[in-house]
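Student: Chains A and B, in that order, are what the protein sequence lines are. Using our numbering, the first residue of the first sequence is number 20, and each one after it goes up by one. Using our numbering, the first residue of the second sequence is number 1102, and each one after it goes up by one. For each residue, glycine too, the CB sits at the ideal point set by N, CA and C. Supplied in structure tokens, the structure appears directly below.
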Amino acid sequence: MRQLIFAFCVGLLPLAANAVEPDEMLTNPVLEQRAREISKDLRCVVCQNQDIDSSNAGVARDLRLLVRERLVAGDTDTQVIEYIRARYGDYVLLKPPLEPATYALWFAPIAFILIGIFVGGGVLMSRRKPETLEDLSSEDENTVSEILRQNEARDAL
Amino acid sequence: MKRLISGLPLLAAVIFGGFFFWGLNPDRDPNEIPSVLISQPAPEFDLEPVAGLETPGLSRSDLVGKERPVVVNVFASWCVPCRAEHAVLTRFAERDGIRLFGINYKDKPEDAVRWLNDLGNPYERIGSDLSGRAGIEWGLSGVPETFIVDGDGIVLFRYVGPVVGPDAVERFTEALKQAGALPNGAGS
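In structure tokens:
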């Protein structure tokens, strides 16, 4: 059993491995922390849908170094992201900006939920309504009473 | 109201069907990254020549002010598709007379020299981008990539990946024609 646990732990080791290599890291822990946070919001352009913080691609490494270089030069987080965005476009942002071109992206989910509530609610409400009974027309009334009378007459026999 | 609701499934089917139909298009590349450089000025960069090569280095000022738009190709000796593309670019340079400039991306100079000696050197100028920093300025996602830059330094066209195969060559030729990068009468 102990061997099994040991094997399991060894198996988990690769998960702890990090794409950020020691030689990239800044000595200033505050700046390094900011660099890590920025890197998590930037998409790797080679292995798409991975952030550059966890990507082993060469370009991702270059971008990580660039982020740190800009931070050391005194840029704010926004300035660093703008710097990279100017070169690679909105595509490098893992969180797309809110602008007219992305309104559909941001608001479609909310719109769909609202439509769903509206339509679903509408359907359910209309089902719940009891069906209203209308009075028979006088013609129908006559027919029914005629039938009833005939039945009674038959029963009396 | 009931009619409106009963029409909704059809509407949803049409919208989703249209989306799937659009996704079926074999020419659509979901990995394609829209380039921000198109119609924008080419980035500032200044690169040393490749050590051991007589071809001079490359900077932004070498690209602008030419009588025709020029072609900038990012290549590396370690990049296998570049080898195939090299023949195509050489033909464009020698037969069609395009002005070809190279950025040697993250390549050991001695490897680049050997590669160019083996295959020939169609480049007018080659800048050695050892750090990959110029590559970032160009918004590079990998090698090879090829750009067409006009006389004012505006990037007209970007081709990601090797210009190899009839479709790619046709697209690139068309872009060269539209940009006016081909001397009169060539490329037809």
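Answer with buried or exposed for T1247 of chain B, where buried requires no fewer than 16 other C-beta atoms within 10 angstroms of its C-beta.
Tutor: That one is buried.
Student: Let me check one thing: in DSSP terms, what residues is D70 of chain A bridge-paired to?
Tutor: The partner list for D70 of chain A (beta bridge, DSSP) reads A:R62.
Student: Using only alpha-carbon positions, find the residue among A:L23, A:E88, A:P115 that is nearest to L61 of chain A.
Tutor: Comparing Cα positions, the closest option is A:P115.
Student: With DSSP collapsed to three states, give me the class of V1156 of chain B.
Tutor: The residue you asked about is not Val; residue 1156 of chain B is Thr in the sequence shown. Three-state DSSP puts T1156 of chain B in coil, outside helix and strand.
Student: Between E1238 of chain B and chain A, is there a C-beta pair that is closer than 9 Å?
Tutor: So, interface residue.
Student: Do R1169 of chain B and A1282 of chain B count as a contact pair if the criterion is CB distance below 9 Å?
Tutor: In contact: A1282 of chain B and R1169 of chain B (Cβ atoms closer than 9 Å).
Student: For L1159 of chain B, is the classification buried or exposed, using 16 other Cβ atoms within 10 angstroms of its Cβ as the cut-off for buried?
Tutor: Burial call: buried.
Student: In whole angstroms, give me the CA-to-CA distance for G139 of chain A and S145 of chain A.
Tutor: Those two C-alpha atoms are separated by around 10 Å.
Student: Between the stretch 1207-1225 of chain B and the stretch 1170-1184 of chain B, do at least 3 Cβ pairs fall closer than 8 Å?
Tutor: Yes: at least three Cβ pairs fall under 8 Å.
Student: Checking contacts by CB at 9 Å: is R69 of chain A closer than that to chain B?
Tutor: With the sequence shown as reference, residue 69 of chain A is identified as Gln, and Arg is not the correct amino acid for it. Q69 of chain A does not count as touching chain B.
Student: To the nearest angstrom, how far is the alpha carbon of I1333 of chain B from that of R147 of chain A?
Tutor: Because chain B spans 1102 through 1289 in this model, residue 1333 of chain B falls outside it and cannot be assessed.
Student: Of all the CB atoms in chain A, is at least one closer than 9 Å to the CB of K1103 of chain B?
Tutor: For K1103 of chain B, the answer is yes, since a Cβ of chain A falls inside 9 Å of its Cβ.
Student: Return the bridge partner residues of L1201 of chain B from the DSSP annotation.
Tutor: L1201 of chain B is bridged to B:V1172.
Student: To which residues does DSSP link T1247 of chain B through a beta bridge?
Tutor: Beta-bridge pairing links T1247 of chain B to B:N1174, B:Y1260.
Student: What whole-angstrom Cβ distance do E1172 of chain B and F1202 of chain B have, given they're in contact under 8 Å?
Tutor: For clarity, residue 1172 of chain B is Val in the given sequence; the question names Glu instead. Correct: roughly 7 Å between the Cβ atoms.
Student: From the DSSP output, in three-state form, read off S1229 of chain B for me.
Tutor: Looking at S1229 of chain B - three-state DSSP - the assignment turns out to be strand.
Student: R168 of chain A to S157 of chain A, Cα distance in whole Å?
Tutor: The straight-line gap from Cα to Cα measures roughly 16 Å.
Student: Please report the straight-line C-alpha distance between A1269 of chain B and T1191 of chain B, rounded to a whole angstrom.
Tutor: Rounded to whole angstroms, A1269 of chain B to T1191 of chain B spans 15 Å at the Cα level.
Student: For L82 of chain A, decide whether its Cβ has a neighbour in chain B, counting only Cβ atoms nearer than 9 Å.
Tutor: Yes, because at least one Cβ of chain B sits closer than 9 Å to the Cβ of L82 of chain A.
Student: Quick one: what's got a C-beta closer than 8 Å to E1149 of chain B's C-beta in the same chain, skipping five residues either side?
Tutor: Closer than 8 Å at the Cβ level, and outside the excluded window around E1149 of chain B, lie G1158, G1228, S1229.
Student: Return the first residue and the last residue of the alpha helix (DSSP H) that S1107 of chain B is part of.
Tutor: Looking at the DSSP string, the run of the alpha helix (DSSP H) that includes S1107 of chain B is 1103-1125.
Student: Counting only the same chain and skipping the five closest in sequence on each side, list residues whose C-beta sits under 8 Å from that of V1181 of chain B.
Tutor: Result list for V1181 of chain B: empty, nothing under 8 Å.
Student: The stretch 1199-1212 of chain B: which residues have C-beta closer than 9 Å to a C-beta of chain A, in chain order?
Tutor: Answer set for the stretch 1199-1212 of chain B: K1207.
Student: Residues of chain B with CB under 9 Å from R147 of chain A, in chain order?
Tutor: Residues of chain B passing the Cβ test: none, with the nearest at roughly 15 Å.
Student: Can you name the residues that DSSP bridges to Y122 of chain A?
Tutor: Beta-bridge pairing links Y122 of chain A to no other residue.
Student: Counting contacts by CB-CB distance shorter than 9 Å, is V1165 of chain B in contact with chain A?
Tutor: No, V1165 of chain B does not count as interfacial toward chain A.
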